[in-house]
Amino acid sequence: MNLSDPIRSVSTTLEGKALRVLAHSTEPLTGASVARIAGAGSAPGMRLALARLVSDGTVQTRRVGAADTYTANRRHIMWPVIESVVYAADMALSRVEAVVIESLGESIGDPIQAAQVSISLFGSVARGDSTLESDVDLLIVFPTTFADDLVQNAIDGVSVAVTQSTGNPCNIYAATSERFTQLVTSGDAMVSSWDREARTFHGPDVRRMIRDARGNV
Amino acid sequence: MARIVDVNPALVRQRAGAASEFLQVAEERLEFIRAESGESAEAQVAASNAIAAGISAADAICGKALGRRANDGDHRGAVELLDSVKPGGSKLALRLSKLLSDKSQLQYGGYCSAAVARSLAREARKLVEAMNEFGIRS
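As they're listed, the protein sequences go chains A and B. If you read the first sequence in the working numbering, its first letter stands for residue 1, the second for the next number, and so on. If you read the second sequence in the working numbering, its first letter stands for residue 1001, the second for the next number, and so on.
So this is what it looks like as structure tokens:
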């Protein structure tokens, strides 16, 4: 899936993008506004898509001054389904993160131990510019005290869970906290990238870990 | 009438990032409050940052959902705009309204209590967490 545009898992057309915009607003919007908010399609193209949705009944239109405006027809029998899909798409990345956390918990077993593992998203998915084929890039920092087989089990479990839940390959950069500190103090190129864009969603924050490692030099 | 300005995706991310940072500062300062009774500088700073977090989160949500936000200083406009988003715009607007009602008093008045600071931080956290429901990443 394209985690930067998850609605495409359900609809690859402008109609899907239009529905996503209208699902989030109760205010009437012009076709140009819908196109701008959706970040896709020209205003004329979006108006055509909206016209198709008006024909379908899922969108209503009203003339305001010189402009046609559009709102969701929340009384349409399909609208609850449309809303569910849109909101699920918006939560897609959070749900992938939840899948990762659950997988880690299952592999580690002990919640106190699991809480010490830092997991961060980086790369194109973290930046929001990923494509359909993009890897899901994860940085996982394990306490140095963890056994090698525990770490490998956890990595394998997360990798499988991410691929199963997204269809995308999962690229995991795993390090012990000792190794991570070495990478920071040696000025490894990846560290700058993590500092800039990594988003920690479990355990110790990676940016704080970087600063702590630098501060201890 | 509310002054509404258009918002592009870069600004949404910027406001979302600011919201997360403000909230983090607010919650960190809460840890330094020495006494639950009485007022303190730590509580005031926590409260001020909580308010900033809520405003920034509201801007990010409105920016993502509606492509626009209320102009700085237009509190009523911000609440009205947030009320129009879905899901949960009404509840989010209520939380923002609670934050904004204390804003002026904190900026120009004295210290606030720990209880007020914690309450504001809770409201702010709900607004910041709500950004996820709109697919907003900071």
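Note that CB positions come from ideal geometry on N, CA and C, so glycine has one too.
Nearest residue (CA-CA) to residue i, options the options
i                : options                                  : result
Ala67 (chain A)  : A:Ala43, A:Gly57, A:Ser192 and A:Thr58   : A:Ala43
Glu27 (chain A)  : A:Arg62, A:Met1 and A:Ser9               : A:Arg62
Ala23 (chain A)  : A:Ala51, A:Ser55, A:Ala88 and A:Gly45    : A:Ala88
Val125 (chain A) : A:Tyr70, A:Ile119, A:Ala198 and A:Phe180 : A:Ala198
Thr200 (chain A) : A:Cys170, A:Ser55, A:Ile77 and A:Ile140  : A:Ile140
Val158 (chain A) : A:Ile108, A:Thr181 and A:Thr12           : A:Ile108
Proximity test, Cβ basis, 7 Å: residue i and chain B
i                : result
Arg36 (chain A)  : yes
Glu27 (chain A)  : yes
Ser94 (chain A)  : yes
His202 (chain A) : no
His24 (chain A)  : yes
Asp90 (chain A)  : yes
Gly167 (chain A) : no
Gly16 (chain A)  : no
Gly128 (chain A) : yes
Residues near residue i by beta carbon distance below 7 Å, same chain, minus five either side
i                 : result
Arg214 (chain A)  : Val184
Lys1126 (chain B) : Arg1095
Val1005 (chain B) : Arg1068, Arg1069 and Asn1071
Residues of its chain near residue i, where Cβ-Cβ distance is below 6 Å and the 5 sequence neighbours each way are ignored
i                 : result
Pro143 (chain A)  : Gln116 and Ser177
Asn1049 (chain B) : Phe1022, Val1025 and Ala1026
Val99 (chain A)   : Ala161 and Ser165
Ser1097 (chain B) : Val1079
Leu93 (chain A)   : Leu3
Residue i - partner residues in DSSP beta bridges
i                 : result
His202 (chain A)  : A:Ile119
Ala174 (chain A)  : A:Ile140
Ile1004 (chain B) : B:Ala1070
Glu1028 (chain B) : Paired residues: none, contrary to the question.
Thr30 (chain A)   : A:Thr69
Ser1113 (chain B) : B:Glu1039
Ser25 (chain A)   : B:Val1085
Neighbourhood of residue i by C-beta, 8 Å cutoff - its chain only, sequence neighbours within 5 removed
i                 : result
Ile1051 (chain B) : Leu1099, Leu1100, Asp1102, Lys1103, Leu1106, Leu1120 and Ala1124
Cys1062 (chain B) : Val1007, Arg1068, Arg1069, Ala1070, Ala1078, Leu1081, Leu1082 and Val1085
Ser193 (chain A)  : Phe122
Beta carbon proximity, residue i to chain A, threshold 7 Å
i                 : result
Arg1137 (chain B) : yes
Val1085 (chain B) : yes
Leu1094 (chain B) : no
Phe1022 (chain B) : no
Leu1066 (chain B) : yes
Asn1132 (chain B) : yes
### Query
Can you list the alpha helix (DSSP H) stretches of 4 or more residues lying completely in the segment 54-98 of chain A, in chain order?
Segments of the alpha helix (DSSP H) lying fully in the segment 54-98 of chain A: 79-90.
### Message
To test your reading of the DSSP string, which unbroken alpha helix (DSSP H) runs of 4 or more residues are found completely within the segment 1047-1090 of chain B?
### Response
Scanning the segment 1047-1090 of chain B from its first residue to its last, the whole alpha helix (DSSP H) runs of 4-plus residues come out as 1075-1083.
### Message
Which complete alpha helix (DSSP H) runs does the segment 108-164 of chain A hold, if anything under 4 residues is left out?
### Response
If we require 4 residues or more, the alpha helix (DSSP H) runs fully inside the segment 108-164 of chain A come out as 111-114 and 124-127.
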